[in-house]
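Student: Structure incoming, see below.
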Amino acid sequence: MKTYYCTMFFCSPAIQGNSKGIPTGCGSRRRLDWATRLKVVKGVARGLSYLYAELPSLTAPHGHLKSTNVLLDAAFEPLLNDYGLLPVANAEHARKHVVAYKSPEYREGRRITRKTDVWALGMLVLEILTGRDGGELGAWVESSCAATASTGGGGGGEGVEVVFDEGLVGGGDGEWCGEMRKLLRIGMRCCEVDVEKRWDIKEAVKSIEELKGN
Numbered sequence: 001m002k003t004y005y006c007t008m009f010f011c012s013p014a015i016q017g018n019s020k021g022i023p024t025g026c027g028s029r030r031r032l033d034w035a036t037r038l039k040v041v042k043g044v045a046r047g048l049s050y051l052y053a054e055l056p057s058l059t060a061p062h063g064h065l066k067s068t069n070v071l072l073d074a075a076f077e078p079l080l081n082d083y084g085l086l087p088v089a090n091a092e093h094a095r096k097h098v099v100a101y102k103s104p105e106y107r108e109g110r111r112i113t114r115k116t117d118v119w120a121l122g123m124l125v126l127e128i129l130t131g132r133d134g135g136e137l138g139a140w141v142e143s144s145c146a147a148t149a150s151t152g153g154g155g156g157g158e159g160v161e162v163v164f165d166e167g168l169v170g171g172g173d174g175e176w177c178g179e180m181r182k183l184l185r186i187g188m189r190c191c192e193v194d195v196e197k198r199w200d201i202k203e204a205v206k207s208i209e210e211l212k213g214n
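If you want it as structure tokens, here you go:
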């Protein structure tokens, strides 16, 4: 039996067995290659851009973007789920569980901005690239991400196996390491703690669209 989820104002069938989100990390049953991961990232970026255009009155049009809220159809096209709920969510519950309230700007200044969803997009990009998630990803972003950025997103080849999910560099996708590094830098620009320095949605989507995967 197929389950249907509302995505971008249309109902679409979610792939059976993937209701928990994007399978990337070490615990995933199925690993995705570079071309597929990039396809997912581009689809999410386009979907988020669509929400920004269609829901201009919302500060954070999605508000709860994370891997478990991105469902994949049979062709691995991403379907955005659980968006636009901030205005109607229970405030106490939202502060504890909704992604927007975990952003640097909310943690530090109790505010949500037009770039909060961009931060969530960056975190999703880094999760897809590294295979890390949850608290592990947050700690990695704070410690390793800045160091990687200072060396140009991988130091010209050093530590690539450490930075990227082993399913990428160990699965025949090594030729795409240059594009992976570009996406890594995009993810870090989207995760910039300083909101003024963080990319906006247009910059992020434009840079993601320029990446090659096949």
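Residues 1 to 214 (the UniProt record's numbering) are what the sequence shown spells out, left to right.
Note that the Cβ used here is the ideal one computed from N, Cα and C, for glycine as well.
These numbers were taken from a predicted model, which means no experiment stands behind them.
#1: Excluding sequence positions up to five away, which residues of its chain have a Cβ less than 8 Å from the Cβ of Asn214?
#2: Taking 7 Å as the limit between beta carbons, can you name the residues of its chain near Ala204, skipping five residues before and five after?
#3: How is the alpha helix (DSSP H) around Val41 delimited, first residue to last?
#4: Here's the rule: buried if 16 or more other CB atoms are within 10 angstroms of the residue's CB, otherwise exposed. What is Glu127?
#5: Opposite Pro78 in the DSSP bridges: which residues?
#6: To the nearest angstrom, how far is it from the Cα of Asn81 to the Cα of Pro56?
#7: So for Cys191, helix, strand or coil by DSSP?
#8: Apply the 10 Å Cβ neighbour rule to Gly109 and answer buried if 16 or more other Cβ atoms are within range, or exposed otherwise.
#9: Is it right to say Ala75 is buried, meaning 16 or more other beta carbons lie within 10 angstroms of its own, or is it exposed?
#10: Is there a C-beta anywhere in chain D that falls below 8 Å from the one on Val41?
#11: What's the gap between the Cα of Thr113 and the Cα of Lys42?
#12: Considering only residues of the same chain and omitting the five flanking positions on each side of Glu192, which have a CB-CB separation below 6 Å?
#13: Would Pro87 and Leu58 be called neighbours here (beta carbons separated by less than 8 Å)?
Tutor: Based on what the coordinates show:
#1: Answer for Asn214: Ala35, listed in chain order.
#2: So the list reads Ala45, Val118, Leu121, Ile186, Cys190, once near-sequence residues are dropped.
#3: For Val41, the uninterrupted alpha helix (DSSP H) segment begins and ends at 34–54.
#4: It is buried - the Cβ of Glu127 has at least 16 other Cβ atoms within 10 Å.
#5: For Pro78, the pairing in a beta bridge is given by DSSP as Leu72.
#6: If you draw a straight line from the Cα of Asn81 to the Cα of Pro56, it is about 18 Å long.
#7: Coil, per DSSP.
#8: That one is exposed.
#9: Ala75 is classed as exposed because its beta carbon has fewer than 16 other beta carbons within 10 Å across all chains shown.
#10: Chain labels in this structure do not include chain D; a single protein chain is all it has.
#11: In a straight line, the C-alpha of Thr113 is about 22 Å away from that of Lys42.
#12: Short of 6 Å from the beta carbon of Glu192, and not among the five residues preceding or following it, lie these beta carbons of its own chain, in chain order: Arg198.
#13: Their beta carbons are under 8 Å apart, which means Pro87 touches Leu58 by this criterion.
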